[in-house]
Amino acid sequence: MEIWNWYKSMKDDVYRYLKMQPGVDEDIDKKIEILLTKTDPGRTTYKVFDLIQDPLGIKDFEPFESESLKPILKYADRIILFAATLGVEFDRKVKQLQYHNQLEMMLLDAVGSAKVEALVDEMCEKIKTTLGGYQTPRFSPGYGDFDLAFQEKLLRLIDGHKIGLTVTNSFLLSPSKSITGVIGFSLKPMDVKYNICDDCLRRTTCDKTICRRVK
Amino acid sequence: MNFRTYLKNHVVLLDGAMGTQIQKQGLPLGAIPESIQLLQPDRLIQIHKDYVASGSKVVSTNTFGASPYKLKNKQDVKETIEKAIACARETGAYVALDLGPTGQMMEPIGPLTFDEAYESYKTQVLCGLDADLVLIETMSDLNEVRAAVLAVKENSDLPVIVSMTFQEDGRTLTGVTAESYVLTMEGLGVDGLGVNCSLGPDALMPIVKEITDLASVPVIVQANAGLPEVINGETVFQVSPTLYSQYAKAFVDMGVRIIGGCCGTGPEHIKAICEVINESYQEFTLKEPTLKVCSQRKTVDFNDFVIIGERINPTGNKKLKASLRAGDLNACIKEGIIQGDHGIHVLDVNVGLPDIDELDVMIHLVDTLSHVVDVPLQIDSSKSKVLEAGLRRFPGIGIINSVNGKEKSMEKIFPIAKKYGAFVICLTMDEEGIPHTYEKRVEIAEKIISSAESYGISREKLIIDTLVLTVSAQQKEVMDTIKAIERIHELGLKTTLGISNVSYGMPNRKLLTRTFMTLARAAGLSSAIMDPLDEDLKNTILATDVLLNLDPQGERYIHFVTEQETQIEKTEVSLYDMVLKGFKDQVKAWTIEQLNHLEPLKLVDEFLIPTLDEIGLKFEQKILFLPQLIRAAETIGVAFDVIKSQLESDTVSNRGSIIMATVKGDVHDIGKNLVKILLENYGFNVIDLGKDVEPEKIVESAIKHHVKLVGLSALMTTTVVSMEETIQLLKEKDPSIQVFVGGAVLTESYSKKIKADYYCKDAKASVEVAKRIFDQK
Ligand code: B12
Chain A
5 MEIWNWYKSM KDDVYRYLKM QPGVDEDIDK KIEILLTKTD PGRTTYKVFD
55 LIQDPLGIKD FEPFESESLK PILKYADRII LFAATLGVEF DRKVKQLQYH
105 NQLEMMLLDA VGSAKVEALV DEMCEKIKTT LGGYQTPRFS PGYGDFDLAF
155 QEKLLRLIDG HKIGLTVTNS FLLSPSKSIT GVIGFSLKPM DVKYNICDDC
205 LRRTTCDKTI CRRVK
Chain B
861 MNFRTYLKNH VVLLDGAMGT QIQKQGLPLG AIPESIQLLQ PDRLIQIHKD
911 YVASGSKVVS TNTFGASPYK LKNKQDVKET IEKAIACARE TGAYVALDLG
961 PTGQMMEPIG PLTFDEAYES YKTQVLCGLD ADLVLIETMS DLNEVRAAVL
1011 AVKENSDLPV IVSMTFQEDG RTLTGVTAES YVLTMEGLGV DGLGVNCSLG
1061 PDALMPIVKE ITDLASVPVI VQANAGLPEV INGETVFQVS PTLYSQYAKA
1111 FVDMGVRIIG GCCGTGPEHI KAICEVINES YQEFTLKEPT LKVCSQRKTV
1161 DFNDFVIIGE RINPTGNKKL KASLRAGDLN ACIKEGIIQG DHGIHVLDVN
1211 VGLPDIDELD VMIHLVDTLS HVVDVPLQID SSKSKVLEAG LRRFPGIGII
1261 NSVNGKEKSM EKIFPIAKKY GAFVICLTMD EEGIPHTYEK RVEIAEKIIS
1311 SAESYGISRE KLIIDTLVLT VSAQQKEVMD TIKAIERIHE LGLKTTLGIS
1361 NVSYGMPNRK LLTRTFMTLA RAAGLSSAIM DPLDEDLKNT ILATDVLLNL
1411 DPQGERYIHF VTEQETQIEK TEVSLYDMVL KGFKDQVKAW TIEQLNHLEP
1461 LKLVDEFLIP TLDEIGLKFE QKILFLPQLI RAAETIGVAF DVIKSQLESD
1511 TVSNRGSIIM ATVKGDVHDI GKNLVKILLE NYGFNVIDLG KDVEPEKIVE
1561 SAIKHHVKLV GLSALMTTTV VSMEETIQLL KEKDPSIQVF VGGAVLTESY
1611 SKKIKADYYC KDAKASVEVA KRIFDQK
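Line by line, the protein sequences are chains A and B. The first sequence stops at residue 219 when you use this note's numbering, and every number in between is there. The second sequence stops at residue 1637 when you use this note's numbering, and every number in between is there.
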């Protein structure tokens, strides 16, 4: 993706999280612009494993117990496990603003969510240039019936601690602006049709906070 | 020869990676690497032996992840560590008990408390007492390393070497600088320190250089064999043994004393290093330690004037007192952040109030402040237990405030200062009080210095406070303070003063204070405990430094001196527009002006509340968006603050105690705060529990303070439910407690439905209720 488009889509996301549009409030637009350019870029890491179809799982590892993953990984023969984080400094900044600037805290939070998504998009592009081949849409623990507890195993398998990512006992990521997930991979084109919301197993009960991809 | 003695006169060759070697043994994917000592100890022994055959003098046990947090209940910590040591012992080399991170993020960013981290490391250390040394490695969080070091030092006599992991930007993943790391670890008295992992040897060069330049203890380096590269989905390291050994040689030439390898290095790398470094007996020249105060990211060296922010102190501050009593630390934290934004170099933290748990509050404040404020902390208490607790949690080198010339004080304080490497403010008074003459005060200072030195504390860590007396009471002695500063300064020591004391009881205090500052600075004063929000005082320091030739070319003066506050131009914009656009300064000026001819409550009722209503309406109609609503609320908050400071009465409240809270799930607290101010004005003592308060907390607090009346606020249909729950719980625990409620969504009839005793439509009504309850008897 072109740099400019990439930046623009990140900015669109910020306004979507804030449930407002650019051009309504000059002061807020300016603040968002500054936050977008100022915050740290973050770090990513990933590893590629062989994928077994039946039962679905990483080769030499326990099978996945998830229906949601099946349609996504159906045509893949390898699987990319990835993790991305904006790091501790981001959380520290939010913590600081929490005590004396609610508006900026809210804006920064939205910017952080958009940035970490964009960071993963960028990583996928990079993987494409190094590995070639085709990728499925990415899927994270917590979406559909893909157990949040997998985050811990995932981080162990790819040494997530090397980018400073940890998981709490209740399987939440710390630092908070972080994403882990899986991507199906194959050298052949894969015919995966998965609409992240419409096909989700939780579409009827979702409060739209788990996966931030609601359009 | 024990390891400590060996280290004194040798360059020490460690081993290489453990993880990669175990991987080669065919460890199943995702399995715990520490399972090998239980399942296949022979293979582990072979790995160790290969390293020793290649030249390693020390082998690290396979216990990097052998912590209660990582093993969970999958494997026993004790067995894992004991077996690992037994395997390493088979080689005959020195055995290093290897400790890695817990894998949990520390508070306040993550869930792990300092004590939990300490306990986890303690468990490991107690299982590993048979080792020859402890190696704490691949660490990112300064406080986690500190917890580990303390766990080793408090539970064993083993030498301890620490190693943190740095990124290309010269910091660890949690933002710790190399300088802060070295200062803090040397302060704790580690036997060696350095870096490992993350980067290849070439990229580590600048960081290692920085550390060898600073450190006075032996430096350790264990680099990766280059940056990991993903080739065909496999992680590979590219630096060959020969190339790695060239770098190792360069590190040793830079002064590194303990060398080995991290990820991607194997016995071949160690063998290559062994061939190029000199491991024979040598005499090393020892460097003097660098002594500075520091936080995780900033150091303070006292070369330039040091401003110590004094505003976190409940003495004489009603607002802080009240919030501390209610168990609310936000006001303190906010004071810290604001001072941080006003150019302080050190932040003093004092929470001394007789009726609170000072130690507990100090711990929590230090935890948060050390993350949201960049500068080092000064722990200020009359209780040595509180001082120690604060220093223990502070990731850096802090300052103790204070010790004095009394034997008892020195006996208590100096061991703490020594243990944590802290600096100490020394008051020149003793059993007989504050001496009248400067000579006597200098004498006491000298006594304190020699006592400190007998504890092994360098005089460079002492900051002498020659004590400011008030000019209104002891005019004759004011200059003795200055003369004492002059003498102490000549002795080459650091000094400080609580500068504003001088003007107590006089009109225009600020003028006297800053004039006194000029005299003190000219006498050589190196720091002051002062109000950093006093711009004139800070400007005075800048100006004085130019005149004293302490600011070459007036560089700092030109850069920092602030213009007199420019008069905020009066705009014809309406209150609504000012609030909506977030013009805080204008709102403040407007409110001050209105108060000249309007009663505060009238201003609230006729201007502020209607403005909020209008904004709320626009929000409801989706004309305004949430970020705009938030900005408006923050802006109008400035007006409420001005009114609050006007209304605040100094009469001691004793008409009766009332608890106030905004209920669980609700953050609207403007109304509640208003009610609180008014009640306080009428002489009631209000215990404010804040917003979004759990029912349990409200009940607990009501019982604890024997309160008869509880006020609850809720502004949303959704949170009236929490209000009902809270009332129910209160009545269950103590039916005699009366509850009065308010908030825009409530009505008289609704309040009856949720069993509240009284409904108040506004703040004035709340006073009537309180009077009725407390004054009838
Ligand atoms: C300012 C404001 C905010 C600020 C609050 C800042 C703060 N620190 O308080 C912010 C921006 C944070 C905010 C957030 C939200 N808000 Co809002 N907010 C308002 C607004 C505009 C003004 C409230 C106010 O302060 N009024 C002025 C004070 C002085 O009046 P008062 O609280 O009623 O208090 C007086 C009396 O009621 C009484 N009183 C009050 N409490 C008590 C207690 C006792 C014991 C006694 C005796 C008397 C008493 O005395 C006071 C003085 O006379 C109102 C709209 C409105 N006009 O009420 C919406 C409003 C309350 N918010 C609303 C909403 C929906 C929200 C959000 C959910 C928005 C969102 N999508 O995120 C969040 C909620 C967050 C949460 N979990 O609580 C809705 C609630 C709808 C409903 N009926 O449930 C309202 C009504 C706006 C609307 N029309 O849509 N909000």
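The beta carbon of each residue, even a glycine, is placed where N, CA and C say it ideally should be.
C-beta atoms of residue i and residue j nearer than 8 Å
{"i": "P1236 (chain B)", "j": "G1256 (chain B)", "result": "yes"}
{"i": "A1186 (chain B)", "j": "L1549 (chain B)", "result": "yes"}
{"i": "A891 (chain B)", "j": "V919 (chain B)", "result": "no"}
{"i": "L1575 (chain B)", "j": "G1603 (chain B)", "result": "yes"}
{"i": "F86 (chain A)", "j": "I187 (chain A)", "result": "yes"}
{"i": "E1128 (chain B)", "j": "P1101 (chain B)", "result": "yes"}
{"i": "I1490 (chain B)", "j": "M24 (chain A)", "result": "no"}
{"i": "I1642 (chain B)", "j": "V1079 (chain B)", "result": "The displayed coordinates of chain B run from 861 to 1637. Any statement about residue 1642 (chain B) would go beyond what the structure contains."}
{"i": "I1239 (chain B)", "j": "V1209 (chain B)", "result": "yes"}
{"i": "I1469 (chain B)", "j": "V1439 (chain B)", "result": "no"}
{"i": "T1355 (chain B)", "j": "I1342 (chain B)", "result": "no"}
{"i": "E1494 (chain B)", "j": "L107 (chain A)", "result": "yes"}
{"i": "R1298 (chain B)", "j": "L1251 (chain B)", "result": "According to the sequence shown, residue 1298 (chain B) is Tyr rather than Arg. No, Cβ-Cβ distance for Y1298 (chain B) and L1251 (chain B) is not below 8 Å."}
{"i": "S980 (chain B)", "j": "P901 (chain B)", "result": "no"}
For residue j and residue i, the rounded distance between their alpha carbons
{"i": "I32 (chain A)", "j": "L161 (chain A)", "result": "41 Å"}
{"i": "Q1098 (chain B)", "j": "G164 (chain A)", "result": "21 Å"}
{"i": "N1456 (chain B)", "j": "I1193 (chain B)", "result": "32 Å"}
{"i": "D1325 (chain B)", "j": "D1161 (chain B)", "result": "17 Å"}
{"i": "V1546 (chain B)", "j": "K1591 (chain B)", "result": "20 Å"}
{"i": "G1384 (chain B)", "j": "F1165 (chain B)", "result": "10 Å"}
{"i": "E1628 (chain B)", "j": "D1635 (chain B)", "result": "10 Å"}
{"i": "K42 (chain A)", "j": "L959 (chain B)", "result": "36 Å"}
{"i": "V1232 (chain B)", "j": "D1529 (chain B)", "result": "24 Å"}
{"i": "A1011 (chain B)", "j": "L989 (chain B)", "result": "12 Å"}
{"i": "E1608 (chain B)", "j": "F1600 (chain B)", "result": "11 Å"}
{"i": "L1410 (chain B)", "j": "L1402 (chain B)", "result": "9 Å"}
{"i": "V871 (chain B)", "j": "I1118 (chain B)", "result": "6 Å"}
{"i": "T1288 (chain B)", "j": "N1264 (chain B)", "result": "6 Å"}
{"i": "K219 (chain A)", "j": "Y21 (chain A)", "result": "Model confidence at K219 (chain A) stands at a pLDDT of 36, short of 50, so the residue's coordinates are unreliable; what they give is reported in the following sentence. If you take the alpha carbons of K219 (chain A) and Y21 (chain A), they lie about 10 Å apart."}
{"i": "E1170 (chain B)", "j": "S1386 (chain B)", "result": "16 Å"}
{"i": "V1580 (chain B)", "j": "A1625 (chain B)", "result": "20 Å"}
{"i": "R217 (chain A)", "j": "A122 (chain A)", "result": "Confidence in R217 (chain A) is poor, its pLDDT being 49 and thus under 50, which makes the residue's placement too unreliable to answer from."}
{"i": "Q1413 (chain B)", "j": "V1421 (chain B)", "result": "14 Å"}
{"i": "D1526 (chain B)", "j": "K1532 (chain B)", "result": "11 Å"}
{"i": "T1471 (chain B)", "j": "D1227 (chain B)", "result": "39 Å"}
Assigned secondary structure, residue i (DSSP; H/G/I helix, E/B strand, else coil)
{"i": "N1638 (chain B)", "result": "Examination of residue 1638 (chain B) is not possible in this model, given that chain B is present from 861 through 1637 alone."}
{"i": "G1550 (chain B)", "result": "coil"}
{"i": "R217 (chain A)", "result": "At R217 (chain A) the pLDDT is 49, less than 50, meaning the model places this residue with poor confidence and gives no usable figure here."}
{"i": "M5 (chain A)", "result": "Bear in mind that the predicted position of M5 (chain A) carries a pLDDT of just 46, short of 50, making it unreliable; the figure below should be weighed with that in mind. Coil at M5 (chain A), not helix or strand."}
{"i": "M1689 (chain B)", "result": "No statement about residue 1689 (chain B) is possible, as the shown extent of chain B runs from 861 to 1637 and does not include it."}
{"i": "G1265 (chain B)", "result": "coil"}
{"i": "K51 (chain A)", "result": "strand"}
{"i": "T172 (chain A)", "result": "coil"}
{"i": "L995 (chain B)", "result": "strand"}
{"i": "K1158 (chain B)", "result": "coil"}
Residue i versus the options, residue with shortest Cα-Cα distance
{"i": "T1586 (chain B)", "options": "B:S1155, B:Y1610, B:Y1542 and B:V1523", "result": "B:V1523"}
{"i": "D1391 (chain B)", "options": "B:I1167, B:K1354, B:E950 and B:V912", "result": "B:I1167"}
{"i": "R1347 (chain B)", "options": "B:R1369, B:S1387, B:N1361 and B:E1306", "result": "B:E1306"}
{"i": "D1051 (chain B)", "options": "B:P1019, B:F1467 and B:R1632", "result": "B:P1019"}
{"i": "R1515 (chain B)", "options": "B:V1527, B:A1492 and B:N1541", "result": "B:N1541"}
{"i": "Q881 (chain B)", "options": "B:K909, B:L1435, B:Y866 and B:V1567", "result": "B:K909"}
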